[in-house]
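Chain order of the listed sequences is A and B. Mapping of the first sequence onto the working numbering: residues 71 to 488, in sequence order. Mapping of the second sequence onto the working numbering: residues 93 to 383, in sequence order.
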Amino acid sequence: MASGRDDQPRLTRRALLQTAAAGALALGAPTIVRAQPDAIRIGHLTPRTGFLGQLGEYGLNAATLAVDEANAAGGVLGRKVELIAEDSVNPGVAVTKVQKLVERDKVLCLVGEISSASALAIAEQANRYKVAYFNTGANSDELRGKNCNRFMFHVEGCNTMYTKTIGQWQKSKNLIKGAKWYMLTADYAFGHDLFRVSSRFLTENGGTVMANDMVPTNTPDYSAYILKIRQAKPNFVYINLAGADQTSFLKQYKEYSMPFPLAGGVMDTVPFWGAGIDSLSGHWQSLWYHGLTVPAAQAFTKRFSDKHGKPPDNQAWGDYVGVKILLQAMAETKSTEAAKWVQYFEKGASFDILKGRKGSFRDWDHQLLQEMYVVKVKDKKDSKDKWDIFELVQTVPAANESFEVIQPSKQENPCTMA
Amino acid sequence: MPLFVILEHMANGLLVGAYYIVLALGLSLIFSLGGVVNLAHGAFYALGAYLAYEIQQRLGFAGAVTLSPLGVALIGVAIERLFIRRFYREDPGLALLFTFGLAMAAEQSLRLIWGATGLPFGIPEALRGQIFLGDFIYSRYRIAVLVVSAAAVTGCWLLLNKTSFGLVVRAGTRDPEMVRALGIALSPILTAIFALGVGLAALAGVMSAPLAGVHPAMGTEILVAAFVIVVIGGLGSFWGVVWAGLIVGVVRGLTVLFYPPAAEASMYALMVLVLLVRPRGLMGERFERFE
Chain A
71 MASGRDDQPR LTRRALLQTA AAGALALGAP TIVRAQPDAI RIGHLTPRTG FLGQLGEYGL
131 NAATLAVDEA NAAGGVLGRK VELIAEDSVN PGVAVTKVQK LVERDKVLCL VGEISSASAL
191 AIAEQANRYK VAYFNTGANS DELRGKNCNR FMFHVEGCNT MYTKTIGQWQ KSKNLIKGAK
251 WYMLTADYAF GHDLFRVSSR FLTENGGTVM ANDMVPTNTP DYSAYILKIR QAKPNFVYIN
311 LAGADQTSFL KQYKEYSMPF PLAGGVMDTV PFWGAGIDSL SGHWQSLWYH GLTVPAAQAF
371 TKRFSDKHGK PPDNQAWGDY VGVKILLQAM AETKSTEAAK WVQYFEKGAS FDILKGRKGS
431 FRDWDHQLLQ EMYVVKVKDK KDSKDKWDIF ELVQTVPAAN ESFEVIQPSK QENPCTMA
Chain B
93 MPLFVILEHM ANGLLVGAYY IVLALGLSLI FSLGGVVNLA HGAFYALGAY LAYEIQQRLG
153 FAGAVTLSPL GVALIGVAIE RLFIRRFYRE DPGLALLFTF GLAMAAEQSL RLIWGATGLP
213 FGIPEALRGQ IFLGDFIYSR YRIAVLVVSA AAVTGCWLLL NKTSFGLVVR AGTRDPEMVR
273 ALGIALSPIL TAIFALGVGL AALAGVMSAP LAGVHPAMGT EILVAAFVIV VIGGLGSFWG
333 VVWAGLIVGV VRGLTVLFYP PAAEASMYAL MVLVLLVRPR GLMGERFERF E
């Protein structure tokens, strides 16, 4: 029987050569692509799971937005910017992730972190690798103090800044002198540091800490603590708690309708949104709030809201500004070397940080000098949507005052950079 | 320290134990009657809270507290029929692995669907405010939680001890071969038990939502507490779980009073103590299948 086998294609020499060329191209392609200018790789490290995970998600979204905007404008130094994001759920994991980002992914710098304990671990690694690290979320004073290092820069405010911001307002309303305060403190690095700073401010201004309870992180039920507060009858309740723990406490404090005025050493908007305006009360300090009427802030709020369907919080602001500052440093110094950026910052370079006044890093401890805000929880009837929970009461320091008003002084901050 | 203060904290501890007992009871039922270590129990707890968040917006809290556990129980039926029943005759480790994977998948699904941030869930209007008994203060809402929990526990006990369904369940755990030999089908019973267990978890989730909030990690956070209570109470014992939940609540409350940093760790210390002194738990039975 006749078969169609005569039509079967034979492996011609031409076909063999073409296949070999295609194979070589496929294998060699990555190298060829890399022959183009290498992307600028930035490592983003923040908790995305655990009790700070909610904040980390906002931070990552904003950092990504900043990188996308930079690339849309043509990149930096003619190169594309690439963000490599990792989850740093605890200090141990943070260390391994830094090692991975620096050694394997060859990032030029690190941005992020919220937990002060993890930030300390990251800072040690950054110093070891001589890689710049921009802290956008960790508040502990010690990071700017005895654990300061040449390669770490702080966009986020420190505990002293938060304390002095609300403290200025409390002083002006005569709530400190002669008053007895009951404190609750999160039992980890951040909480301890905040307690140290807030109790120092209180006693320096004539008040007393009548009691301080160390609360384990991830405590779901605060009824027992609230009963103790009720028995103690303080003039003021001051909480040094963070994240979801702060939210749970606020809800349950309202549940018992305790009459004592309440404030805290930190205010992250996300947990406050999570509590809902029904559970909130009091005056608080804010690093940045989407209700700011500064045009640059409004524009950022709009861009973020359009992309994510919800407004940016203070953590988003921090990561966004952190990335923008480091890209500006790269562009202005025309360098990817951390040492050059350190010089640039220490000489007093200033940046648009989406606030009324520009910011710059203090040269001896690398803290971003900036204004903060005192806010008040709105009445529910004045609130336009579930994110509209605050009204701005005042800007601290005021427009004509020095930024140093809310900063730790040289006596309060023992930072010496080797 | 005045005696009144100590009593107040003990009473509060009993209240706090209430929804933990409901959660732990569900876990215990699935284990002792179904033979499955349900590491996904926390996921059903979280799902109960999330469903309640959705239902509450349309049908109020009353609707949420009745419909959410039912909804989760139905999902439990599906999970049991599709997956869990394949593991009854196998090595217990397989069911454990499956539920572990299910827990992780569930948490990430919650994160995908509702986002990583906490959802606002307030105390329903009708249950706000406080009740004063002398100098003791109680939040109205927690009293309501206590009442609902007591009803759920009582309901379960009645179901297991006063109905023919319960009779078959208890017989099936003692001697499944004999029950089958008598012509009674056990599979629908096992499905019902699993659904009941996860329904209880969901109920606990709904009740805890106004207190501790709704966020994706809430299931994993509470799962360990549920296991600790079941172990302290004793595997296989109904009332053991109830007593253990109350004791854990009281111990934790007193620890907050005297030494807060150890408050969350106190239940583990209690578990270690119980296991050293009485390994089968406070009221556990010797379970031939697992010894």
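Glycine residues also receive a C-beta, built at the ideal position from the N, C-alpha and C atoms. This structure is a prediction, so every number in the text was calculated from the model and none was measured.
Kindly say whether Met101/B, judged by its beta-carbon, lies nearer than 7 Å to any beta-carbon of chain A. Contrary to the premise, residue 101/B reads as His rather than Met in this sequence. Taking Cβ atoms only, chain A reaches closer than 7 Å to His101/B, which makes this a yes.
Helix, strand or coil, according to DSSP, for Gln368/A in the structure here? In the three-state scheme derived from DSSP, where H, G and I count as helix and E and B as strand, Gln368/A is classed as helix.
Measuring only between beta-carbons, confirm whether Ala16/A sits less than 7 Å from chain B. In the structure displayed, chain A extends from 71 to 488; residue 16/A sits before or after that span and is not available.
Would you kindly report the start and end of the unbroken beta strand (DSSP E) that includes Thr465/A? Unbroken beta strand (DSSP E) run through Thr465/A: 460-466.
Going by DSSP, which residues form a beta bridge with Asn384/A? Asn384/A pairs with nothing; no bridge assigned.
Outcome for Asp175/A when other beta-carbon atoms lying within 10 angstroms are tallied against a minimum of 16: When all chains shown are included, Asp175/A counts as exposed.
Checking contacts by CB at 7 Å: is Ser256/B closer than that to chain A? It does not; no Cβ of chain A falls within 7 Å.
Closest Cβ-Cβ distance between Gly214/B and chain A: below 7 Å? The C-beta of Gly214/B comes closer than 7 Å to at least one C-beta of chain A.
Nearest by alpha-carbon distance to Met442/A: which of Glu173/A, Thr233/A, Ala155/A, Phe223/A is it? Out of Glu173/A, Thr233/A, Ala155/A, Phe223/A, Thr233/A has the C-alpha closest to the C-alpha of Met442/A.
Of the residues Thr347/B, Ala301/B, Leu362/B, Gly289/B, the one placed nearest Val320/B, counting alpha carbons only: Ranking the options by Cα distance to Val320/B, first place goes to Leu362/B.
Between the stretch 297-331 of chain A and chain C, which residues of the former have a C-beta closer than 9 Å to a C-beta of the latter? Among the protein chains in the structure shown, which are A and B, there is no chain C.
Mind checking Lys428/A: buried by the 16 CB within 10 Å criterion, or exposed? A residue is called buried once 16 or more other Cβ atoms fall within 10 Å of its Cβ, and Lys428/A, having fewer, is exposed.
Quick check: is any heavy atom of the ligand GTP less than 6 Å from the C-beta of Pro302/B? Here there are no bound small molecules, and the ligand GTP is not part of this structure.
Using the C-alpha atoms, what's the distance from Val271/B back to Glu325/A? C-alpha separation (whole angstroms): 50 Å.
Listed by chain order, chain A residues near Gln222/B by CB distance under 8 Å: Tyr326, Ser327, listed in chain order.
Quick one: grab the DSSP three-state call for Gln355/A. The three-state reading of DSSP puts Gln355/A in strand, counting E and B together.
In chain order, which continuous runs of the beta strand (DSSP E) of length 3 or greater are located wholly inside the stretch 95-165 of chain B? Within the stretch 95-165 of chain B, no run of beta strand (DSSP E) reaches 3 residues while sitting entirely inside it.
Boundaries of the beta strand (DSSP E) in which Ser231/B is found, first to last residue: DSSP places Ser231/B inside the beta strand (DSSP E), whose first and last residues are 228-231.
Can you give the Cα-Cα distance for Ala357/B and Gly185/B, rounded to whole angstroms? Roughly 27 Å between the two C-alpha positions.
Bridge partners of Ala333/A, per DSSP? Ala333/A pairs with Tyr308/A.
Contact with chain A by Gly376/B, beta-carbon distance below 7 Å: No, Gly376/B lies away from the interface with chain A (no Cβ there is under 7 Å from its Cβ).
Would you mind telling me which residues of chain A sit closer than 9 Å to Val108/B, beta carbon to beta carbon, in chain order? Those are Asp291, Ser293, Ala294, listed as they occur along chain A.
Is it true that the CB of Leu125/A sits closer than 7 Å to the CB of Gln385/A? It is a contact, given that the beta carbons lie within the stated cut-off.
Does DSSP classify Trp434/A as helix, strand or coil? For Trp434/A, the three-state secondary structure derived from DSSP is coil.
Quick check on Ala105/A: does DSSP put it in helix, strand or coil? Low local confidence applies: a pLDDT of 42 at Ala105/A is under 50, so the model's placement there is unreliable, and no value is given.
DSSP three-state call for Glu172/B: helix, strand or coil? Per DSSP, reduced to three states, the secondary structure at Glu172/B is helical.
Is Val225/A helix, strand or coil when you go by DSSP? Per DSSP, reduced to three states, the secondary structure at Val225/A is coil, with no helix or strand assignment.
Work out the CA separation of Phe221/A and Glu407/A for me, nearest whole Å. If I take the Cα positions, the gap works out to 11 Å.
Does DSSP put Met196/B in a helix, a strand or coil? Look at Met196/B here: in three-state DSSP terms it is helix.
In whole angstroms, what is the alpha-carbon distance linking Val103/A and Ala109/A? For Val103/A, the pLDDT reaches just 45, beneath the cut-off of 50, and the residue's location in the model is therefore unreliable, although a value from the coordinates is still provided. Annotation: Val103/A to Ala109/A spans about 11 Å, alpha carbon to alpha carbon.
Which word fits Leu122/A, buried or exposed, when buried means at least 16 other C-beta atoms lie within 10 angstroms of its C-beta? Burial state of Leu122/A is buried, judged by a 10 Å Cβ sphere holding 16 or more other Cβ atoms.
Compare the beta carbon distance of Val225/A and Val391/A with 7 Å and say whether it is the shorter of the two. For Val225/A and Val391/A, yes; Cβs fall inside 7 Å.
Identify the continuous alpha helix (DSSP H) that holds Lys298/A and give its terminal residues. Membership of Lys298/A in the alpha helix (DSSP H) is indicated by the continuous run 293-302.
Quick one: does Gln106/A have its CB under 7 Å from some CB of chain B? Here the model assigns Gln106/A a pLDDT of 48, short of 50, so the residue's position is not dependable, and the following value carries that caveat. Taking Cβ atoms only, chain B never reaches closer than 7 Å to Gln106/A, which makes this a no.
Kindly indicate which residue of Val364/B, Leu374/B, Gly337/B, Ile223/B has the alpha-carbon position closest to the one of Met102/B. Comparing Cα positions, the closest option is Gly337/B.
CB Met253/A to CB Tyr295/A, shorter than 7 Å? No, Cβ-Cβ distance for Met253/A and Tyr295/A is not below 7 Å.
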